[in-house]
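Below: the structure, in structure tokens.
2 protein chains.
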Amino acid sequence: MSKKEHIVIVGAGLCGTLLGVRLAQRGYEVSLYERRPDLRQVEQDAGRSINLALSHRGLMALATAGLGEEVRDLCIPMHGRMIHAPSGDKWLSPYSGREGEYINSISRPGLNALLLEKGDSYSNLTIYFEHKCVGVDLEAASARFVNKDGVEVEAKGDLLIGTDGAGSVVRRAMMAQSTDLLFNFSQNFLRSGYKELSIPASATGDFRIESNALHIWPRGKFMMIALPNLDKSFTVTLFHPFDGPTGFRTLNTPEKVKAFFQEHYSDALEHLPELETEYFTNPHAALGTIKCYPWQAYHRTLLMGDAAHAIVPFYGQGMNAAFEDVRLFDELLDEHNGDWEKILPEYSETRPQDTNAIADLAVDNFYEMQDKVDDADFIQKRQLEMKLEQQFPEYYSKYSLVTFKPELSYHEAMVKGRRQDEFLLQLVNETPVEELDLSAVLEKVNKL
Amino acid sequence: MSKKEHIVIVGAGLCGTLLGVRLAQRGYEVSLYERRPDLRQVEQDAGRSINLALSHRGLMALATAGLGEEVRDLCIPMHGRMIHAPSGDKWLSPYSGREGEYINSISRPGLNALLLEKGDSYSNLTIYFEHKCVGVDLEAASARFVNKDGVEVEAKGDLLIGTDGAGSVVRRAMMAQSTDLLFNFSQNFLRSGYKELSIPASATGDFRIESNALHIWPRGKFMMIALPNLDKSFTVTLFHPFDGPTGFRTLNTPEKVKAFFQEHYSDALEHLPELETEYFTNPHAALGTIKCYPWQAYHRTLLMGDAAHAIVPFYGQGMNAAFEDVRLFDELLDEHNGDWEKILPEYSETRPQDTNAIADLAVDNFYEMQDKVDDADFIQKRQLEMKLEQQFPEYYSKYSLVTFKPELSYHEAMVKGRRQDEFLLQLVNETPVEELDLSAVLEKVNKL
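Quick note, the sequences are listed as chains A and B, same order.
Going by this note's numbering, the first sequence opens with residue 1, and the numbers climb by one from there.
Going by this note's numbering, the second sequence opens with residue 449, and the numbers climb by one from there.
Set out below in structure tokens:
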């Protein structure tokens, strides 16, 4: 492998920038193109706006790029789900029974800025902002961009990687050659969408509700969640159907919205001073899953991150999966000594099984979060899982397998986790948790 | 409902033309647009070229348009699969144990011409050839076309129906509004493709091999099939992987092709005088499944036929499913008295379950045809099914449920048929067919 090889990356979001950093660290000549302006130079409150959940898989990938520690400053640990029942009762359902296992609320632009800063420190990585990709030659590993002056420029690499998100232009080029590439593709939308609201910091500049938790107001066919931000605010997201009695399109007057919140989200209402403005200003948007195969073409062009596998946000794994893409690609670079002819097919054959698994788990979790988390059997099952994890650190619940055990693939976590779930749900349905012999339960789980 | 409503149909293939005829019969003003020239005026051997299998579902739909009898003249009955084993042995595996249940080999252009002739007999149906659809306004039920003179024309209906096949422009317009419509879409390609060859009539003008059968040369990971034509020729289709030792791209010299046929299709070789020319002249093409949902937008635009559900050809049901679309749509017109606001959503909610089922069954049959039909257990199972159908006419095998029982939906046929298959395969695996008590078997099947 020649270290002078040129790699063109389309998309300087989270995945593309981490990838660029890692490839620059390996000595490649990297050109990273981004449609939007540099988010570090555009007015933007990095502590607010869209936030994400960063957990072990993402942290492990960031660590390979030497960013494992720096990222901690941007993180707010969330130790569990704070469930807000319709009655006004609330309780914390921990994510793990082990110490030190939690997920982190982190701002997307804040993290992206950190990655771009890191990128700037490598002379062999060049980032081009305001370059919109308008065409890709898959076989030539080249792409055409229109820059902010309306000038068209071309970039040609030895390898082209599309990390340009769910609406990927690189993927669209593969789609246009569907029959040649035998390019499988699917997009599936939930019948519910989302809308963002916010809980500001209190008058005294503090968090208004518990900061170290992911708040959920589960309501069966709809829900609201809230994640903490560094500026002591919370980003709140409504997940509702588009139509029907609880639909965004139906709740279309300030009176209806207020009455609805009074009925269904009453304990949150006092913390949402801008509810009316935000509800009618912020758009509601769709939630979809994208899968495709193959991810590579002609051993010259590759998809990664959301461009290859966009998922719904309910397992908090979208970014983690994209970062893990980078880590696994990096491992293959070692294994095959930078030989694209081997790396690209192997990556495209092996990785989709895992991202398909997390895609399906994320859809499952949509139903779990809005409808199951306040269900008696589910609560019992979580209690049992916490006890098992506390007493037997080698035991991992499905959630823990997916979230806290990055050495296990998503697919293995899904298969093992689902089997466990089924068994434990049946168990707590038959016997109260306090009457169960934990050692005997663990033994049975291990035999599944 | 006003009978003067104008319906624009995009695509005058088999589905679009039958639909146009049926809607004209109901009194609608119908405009039918077709990209290609009139196939009745273009040099074309209607007895040859691409042929299809017409069976009960398709016939039932044609009958509703008064074409049930006329179409018989175009049909060549195929009573079963003629299996050509590698040894040179061959045997007929019947499609049904009942009298009068068979499928029909029919020429696509021949049938399309019959439908167009019928269409010409209605003054309220106008067919525009050489009009290529270049854009669709889903909400306005209008479409733009470029005609053969390069002139752009617009057609606006009260309803627009896209029957423009697997590459549908109407579907692409829905795809472009994915997030508004929550438009789910998938395309999946088999890793094998197909290439057409032909067996001409004999020197004496007769069929060279058995005419009333669908011939199969099953070879595990690849196969060849042949269907009879009215001119005593056969259309032959190779189904092979693209790559690998048996792949189209690997068999790339006349010597390799000849040696391959001598080894794997030796009994057919003498009937393929143009093998070399045809193999290297005719393209190899991909085989894919397309699913989508919803099929309608704004109660004004609807997809039907391959545009909504393209399937692989291995159950011989692609055309039959498209014709059944028309029949079921026609039933809904009666049920809801032509009210599109009711008809389109109900159609879009109910019909995809069935076309998804036949899509999956067709993929299953790909593996069955190339790999199972000469397997001992499979042969035993088919023998048992034939005996059951002969002795108990109320018993239907999975194949018969799908093919010969149009009053049962594809989805019901799939569920019931798969359950039966599993049970019968297990049975013949344990006990030779001749030792089985058929009444007892039937009783168990009925209890499944």
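The beta-carbon is built from N, C-alpha and C at its ideal position, and this holds for glycine as well.
CB contact below 8 Å: residue i versus chain B
i: Ser168 of chain A; result: no
i: Leu138 of chain A; result: no
i: Thr179 of chain A; result: yes
i: Leu182 of chain A; result: yes
i: Gly11 of chain A; result: no
Beta-carbon gap between residue i and residue j smaller than 8 Å
i: Ala758 of chain B; j: Thr729 of chain B; result: no
i: Gly461 of chain B; j: Gly558 of chain B; result: no
i: Leu32 of chain A; j: Gly119 of chain A; result: yes
i: Ile343 of chain A; j: Ile161 of chain A; result: no
i: Leu401 of chain A; j: Lys387 of chain A; result: no
i: Cys463 of chain B; j: Gly753 of chain B; result: yes
i: Ala308 of chain A; j: Thr235 of chain A; result: no
i: Leu269 of chain A; j: Gly193 of chain A; result: no
i: His527 of chain B; j: Asn660 of chain B; result: yes
i: Leu138 of chain A; j: Gln187 of chain A; result: no
i: Pro534 of chain B; j: His712 of chain B; result: yes
i: Ile554 of chain B; j: Leu502 of chain B; result: yes
i: Cys581 of chain B; j: Ala588 of chain B; result: no
i: Ala357 of chain A; j: Tyr410 of chain A; result: yes
i: Arg72 of chain A; j: Glu324 of chain A; result: no
i: Glu517 of chain B; j: Ser646 of chain B; result: no
i: His579 of chain B; j: Glu477 of chain B; result: no
i: Ile7 of chain A; j: Gly157 of chain A; result: yes
i: Leu438 of chain A; j: Gln370 of chain A; result: no
i: Lys195 of chain A; j: Leu238 of chain A; result: yes
i: Pro742 of chain B; j: Leu629 of chain B; result: yes
i: Arg529 of chain B; j: Leu662 of chain B; result: yes
i: Pro77 of chain A; j: Asn104 of chain A; result: yes
Extent of the continuous beta strand (DSSP E) run through residue i
i: Trp665 of chain B; result: 662-666
i: Leu77 of chain A; result: Strictly speaking, residue 77 of chain A in this sequence is Pro, with Leu absent from that position. Segment 76-78, the beta strand (DSSP E) holding Pro77 of chain A.
i: Thr301 of chain A; result: 301-303
i: Asp585 of chain B; result: 579-585
i: Thr574 of chain B; result: 573-576
i: Pro557 of chain B; result: Where Pro557 of chain B is concerned, there is no enclosing beta strand (DSSP E), although the alpha helix (DSSP H) it sits in stretches over 556-568.
Listed by chain order, chain E residues near residue i by CB distance under 9 Å
i: Phe633 of chain B; result: Of the protein chains in this structure, namely A and B, none is chain E.
Interface flag, residue i vs chain A, CB-CB below 8 Å
i: Arg639 of chain B; result: yes
i: Leu886 of chain B; result: no
i: His454 of chain B; result: no
Unbroken alpha helix (DSSP H) run spanning residue i, endpoints
i: Ile209 of chain A; result: Ile209 of chain A -> no alpha helix (DSSP H), and no H or E assigned at all.
i: Ile343 of chain A; result: 340-367
i: Lys846 of chain B; result: 846-852
i: Glu783 of chain B; result: 766-783
i: Thr465 of chain B; result: 462-473
i: Gln390 of chain A; result: 376-391
i: Glu255 of chain A; result: 254-264
i: Leu872 of chain B; result: 858-878
Near the ligand SAH: residue i beta-carbon under 7 Å from a heavy atom
i: Glu724 of chain B; result: Ligands are entirely absent from the displayed structure, and the ligand SAH is therefore not among its contents.
Cβ contact (3+ pairs, closer than 8 Å) linking the segment 311-321 of chain A and the segment 272-280 of chain A: no
Report yes or no: do the segment 415-435 of chain A and the segment 379-395 of chain A share at least 3 C-beta pairs separated by less than 8 Å? yes
If you measure beta-carbon to beta-carbon, which residues of the segment 272-305 of chain A are closer than 8 Å to chain B? Ala285, Ala286, Gly288
Taking beta-carbon pairs under 8 Å, can you tell me which members of the segment 792-803 of chain B lie near chain A? none
Specify whether the segment 533-545 of chain B and the segment 808-816 of chain B touch according to this definition: at least 3 beta carbon pairs, one from each stretch, less than 8 Å apart. no
With three or more C-beta pairs closer than 8 Å as the rule, is the segment 697-707 of chain B touching the segment 646-656 of chain B? no
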